[in-house]
Amino acid sequence: MQKGINNIKKVINKLPNSSGVYKMISLKNEILYIGKAKNLFKRVNSYTNPMGLNNRLQKMISLIEKVEFISTEDETKALLLEASLIKEIKPKFNILLKDDKTYPNIELRVGHKWPQIKKHRGKKNTTHAYFGPFASAYHVNVTLDTLQKIFSLRTCSDYELLNRKRPCIQFQIHRCSAPCTGNISVKDYKEIVDGLLNYMNGKDSNLVNNLITKMNKASKELNYEKAANIRDKIRSLEKTNHTLQNLFKNIEEADIFSLVNINQHIAVEVTFCRNSQNFGSNTHFVETKIEDNLTEILQKFLVQFYTTQNIPKNIIISHDIPEKKLLESAFYRKTNSKISISIPKKNNIKIIVEDAKKRAEINLAKRLAELEKIKNLLGKLKNKFNFKNNIDNIEVYDNSHFSGKEAVGSFIVANKEGFLKDKYRKFNIRNSNTHDDYSMMEEVISRRIKYGDLPDLIIIDGGKGQLSKAKEAFLKSNLLNINIISISKGKQRNSEKERFYSENGREVHIEKNDPLFYYLLRLRDEAHRFAISNHKILRKKNLFTSEIDMIPNIGAKRKKNLLLFFKNVEELKNASFNRLCKVPGISKATAKQISIFFEKS
Numbered sequence: 005m006q007k008g009i010n011n012i013k014k015v016i017n018k019l020p021n022s023s024g025v026y027k028m029i030s031l032k033n034e035i036l037y038i039g040k041a042k043n044l045f046k047r048v049n050s051y052t053n054p055m056g057l058n059n060r061l062q063k064m065i066s067l068i069e070k071v072e073f074i075s076t077e078d079e080t081k082a083l084l085l086e087a088s089l090i091k092e093i094k095p096k097f098n099i100l101l102k103d104d105k106t107y108p109n110i111e112l113r114v115g116h117k118w119p120q121i122k123k124h125r126g127k128k129n130t131t132h133a134y135f136g137p138f139a140s141a142y143h144v145n146v147t148l149d150t151l152q153k154i155f156s157l158r159t160c161s162d163y164e165l166l167n168r169k170r171p172c173i174q175f176q177i178h179r180c181s182a183p184c185t186g187n188i189s190v191k192d193y194k195e196i197v198d199g200l201l202n203y204m205n206g207k208d209s210n211l212v213n214n215l216i217t218k219m220n221k222a223s224k225e226l227n228y229e230k231a232a233n234i235r236d237k238i239r240s241l242e243k244t245n246h247t248l249q250n251l252f253k254n255i256e257e258a259d260i261f262s263l264v265n266i267n268q269h270i271a272v273e274v275t276f277c278r279n280s281q282n283f284g285s286n287t288h289f290v291e292t293k294i295e296d297n298l299t300e301i302l303q304k305f306l307v308q309f310y311t312t313q314n315i316p317k318n319i320i321i322s323h324d325i326p327e328k329k330l331l332e333s334a335f336y337r338k339t340n341s342k343i344s345i346s347i348p349k350k351n352n353i354k355i356i357v358e359d360a361k362k363r364a365e366i367n368l369a370k371r372l373a374e375l376e377k378i379k380n381l382l383g384k385l386k387n388k389f390n391f392k393n394n395i396d397n398i399e400v401y402d403n404s405h406f407s408g409k410e411a412v413g414s415f416i417v418a419n420k421e422g423f424l425k426d427k428y429r430k431f432n433i434r435n436s437n438t439h440d441d442y443s444m445m446e447e448v449i450s451r452r453i454k455y456g457d458l459p460d461l462i463i464i465d466g467g468k469g470q471l472s473k474a475k476e477a478f479l480k481s482n483l484l485n486i487n488i489i490s491i492s493k494g495k496q497r498n499s500e501k502e503r504f505y506s507e508n509g510r511e512v513h514i515e516k517n518d519p520l521f522y523y524l525l526r527l528r529d530e531a532h533r534f535a536i537s538n539h540k541i542l543r544k545k546n547l548f549t550s551e552i553d554m555i556p557n558i559g560a561k562r563k564k565n566l567l568l569f570f571k572n573v574e575e576l577k578n579a580s581f582n583r584l585c586k587v588p589g590i591s592k593a594t595a596k597q598i599s600i601f602f603e604k605s
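If you want my numbering, it's the position in the sequence shown, counting the first as 1, plus 4.
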């Protein structure tokens with residue numbers, strides 16, 4: 005540790021007494037830690053007296069070789085820069101947000117003549133209306149299902165809208181007003197759209213009364229089917245309002261953060277509320293075992309969370325944070341609007357926070373139990389195959405192809421925390437003459453070796469042949485101490501007759517009632533699933549590469565229209581000039597080119 009302290013002291017006199025961000029860097033040029041400071045000199049100098057710091061930061065200091073810094077205009081800019089750098093670099097001694105996901109929204113395409121309602125992720129169109137974020141696709145689907153019962157707007161694509169000759173089943177079950185076949189006027193459709201906008205914006209006080217009036221009118225006119233349909237809408241609306249139990253009443257726009265701690269492991273439940281409606285909640289896990297103060301953890305979590313998420317007007321937190329005013333200033337800088345961060349004061353919000361804490365505790369307990377289970381299995385795996393070192397990181401390899409075509413090799417990555425899907429990789433097999441699994445495996449392993457940073461264990465999906473080829477690839481690269489095993493399906497390819505082979509080709513027997521047996525199968529099955537999915541993507545891409553691609557002036561859009569209009573390429577070949585002209589986007593000149601092309605071919 006003293007060496008690290010000395011390295012910090014070397015740079016102390018170069019640091020300004022102003023705000024900024026500092027990076028602690030190791031001998032291997034790895035960024036260990038990123039922090040922000042109101043006064044860089046004072047903050048970095050505090051690390052030269054590490055006795056008041058926790059064990060995690062003391063260990064970090066012992067690895068420091070040099071310190072770099074970036075000056076900023078003020079502390080709010082330092083805070084935002086720190087969060088973006090942590091999210092990008094992910095230093096191992098920083099508190100990291102485990103789940104970095106995008107949340108779905110509901111999109112209402114109000115810029116269209118017949119507005120469509122659908123689930124949406126990604127970039128937003130300024131001409132449309134969006135509602136969210138929702139905690140998951142499930143919450144979006146449930147909300148869409150309810151909205152369709154109340155507001156009969158279309159969910160179909162523009163192509164279906166333009167080409168449908170009669171209403172689909174959504175119209176028959178009163179979930180769409182069928183604008184595609186002219187069953188509703190533009191004016192009446194707009195009325196439904198306005199009702200949906202009012203409902204989603206929390207202005208639905210008159211909605212039930214308006215529906216009751218319409219129901220009574222339909223009943224007096226003896227239109228009982230229409231009256232029954234409106235009655236069902238009212239029931240759906242009342243059921244939705246009852247489900248909310250008024251807990252979210254008067255919460256216009258807020259994200260609610262509820263933090264829990266089990267044995268220094270942290271989970272944060274994020275609950276989304278918009279226009280007095282609950283849009284669901286999601287549990288986030290802090291990546292490593294933490295010794296910091298809970299309020300500091302929550303503060304760092306908030307800053308990282310909002311590097312990618314939209315910031316609402318109100319942020320409600322279960323624990324007060326030390327730099328609340330600083331965060332509010334930083335968020336104001338990002339949004340150019342006032343952001344309020346507060347702890348719950350009203351009883352209904354306190355209940356929401358406590359309920360969220362219970363969910364977070366349950367999910368964190370499940371996660372910790374699963375982590376302990378996997379940790380024990382990795383220990384058993386080491387002992388069963390007599391590995392010298394502990395097994396922390398695993399890669400599992402598999403190939404997929406169709407008679408040697410569309411061949412794809414891939415590997416999945418797992419550790420004690422489960423599958424690391426962001427680290428999965430695929431390889432399109434380059435050697436077109438390679439038609440056997442053995443050579444494919446050798447090619448994939450050879451290409452993987454070039455990336456370096458190999459795992460503690462490599463598992464090959466295959467028998468002794470694939471295992472031997474993988475070993476050859478490592479030998480050619482002079483890598484002699486790689487732990488490698490394979491899993492063979494057996495002669496009958498039955499999932500209950502798997503055989504396991506160690507590096508020297510010796511079969512290792514694992515009882516079927518041993519949890520290790522099913523853990524290895526789970527790894528193998530995930531690798532197989534990933535390989536198959538990549539093969540299907542490549543095959544589908546190649547299937548769509550047809551003679552149509554050779555026709556002059558036929559791009560992706562026209563190709564899609566041709567494939568949708570005709571059953572297959574053969575029907576397209578035999579189509580008359582007049583029929584070709586009926587395809588959307590196909591002019592007479594293009595139709596003539598298509599006809600000439602197929603006459604020559």
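Where is the CB? At the ideal position from N, CA and C, for every residue including glycine.
By the beta-carbon neighbour count (other beta carbons within 10 angstroms, threshold 16), T76 is buried.
Exclusion of the five residues before and after S599 leaves F581 as the residues of its chain whose Cβ lies within less than 6 angstroms of its Cβ.
Burial state of Q268 is exposed, judged by a 10 Å Cβ sphere holding fewer than 16 other Cβ atoms.
Secondary structure of F478 (DSSP, three-state): helix. Membership of F581 in the alpha helix (DSSP H) is indicated by the continuous run F581 to C585.
Residues I65 and S66 of the same chain have their beta carbon placed closer than 6 angstroms to that of M5, with the five preceding and five following residues left out of the count. By the neighbour-count criterion, in which 16 or more other beta carbons inside 10 Å mark a residue as buried, P519 falls on the exposed side. Between the segment 92-102 and the segment 134-146 there are fewer than three inter-stretch CB-CB distances shorter than 8 angstroms, so the stretches are not counted as touching. Residue environment analysis places R452 among the buried positions, since at least 16 neighbouring C-beta atoms fall within 10 angstroms of its C-beta. Looking at the backbone, the Cα of R363 and that of V146 are separated by about 20 angstroms.
In the structure shown, the three-state DSSP call for M28 is strand.
Note that the C-beta distance between I536 and E507 is not below 8 angstroms.
Cα atoms of L151 and P316: separation of roughly 23 angstroms, rounded to the nearest angstrom. A straight line joining the alpha-carbon of I491 with that of I395 spans about 17 angstroms. Beta-bridge partners assigned by DSSP to Q281: R278. Bounds of the alpha helix (DSSP H) holding G199 are V190 to M204. Shown here, T80 sits in a helix according to DSSP, grouped into three states. In the three-state DSSP reduction, T287 falls in the strand class (E or B). Minimum Cα-Cα distance from D259 among the listed residues T299, S346 and G186 corresponds to S346.
In this structure N403 is buried. Its beta-carbon is surrounded by 16 or more other beta-carbon atoms within 10 angstroms.
In this structure, DSSP gives V417 an extended state, which the three-state scheme calls strand.
In the three-state DSSP reduction, F521 falls in the helix class (H, G or I).
For Q313, the three-state secondary structure derived from DSSP is coil. With respect to the C-alpha of K354, the residue from K493, F252 and D440 having the closest C-alpha is F252. For D465, the uninterrupted beta strand (DSSP E) run begins and ends at L461 to D465, by DSSP. Taking a C-beta distance under 8 angstroms as the contact criterion, D460 and I398 qualify as a contact pair. Between the segment 363-372 and the segment 266-286 there are three or more C-beta pairs closer than 8 angstroms, enough to call the two in contact. Within a 10 Å sphere around the beta-carbon of Q470 sit 16 or more other beta-carbons, which makes this residue buried. Burial check for L36: the Cβ neighbour count within 10 Å reaches 16 or more, so the residue is buried.
When the Cα atoms are used, P171 and N205 turn out to be separated by approximately 30 angstroms. Taking C-beta separations shorter than 7 angstroms and ignoring five residues to either side along the sequence, the partners of P20 in its chain run L44, F45 and S75, following chain order. Note on geometry: alpha-carbon atoms of D529 and F391 lie some 23 angstroms from one another. The closest CA to that of D192, considering only K338, L165, N233 and W118, is found on W118.
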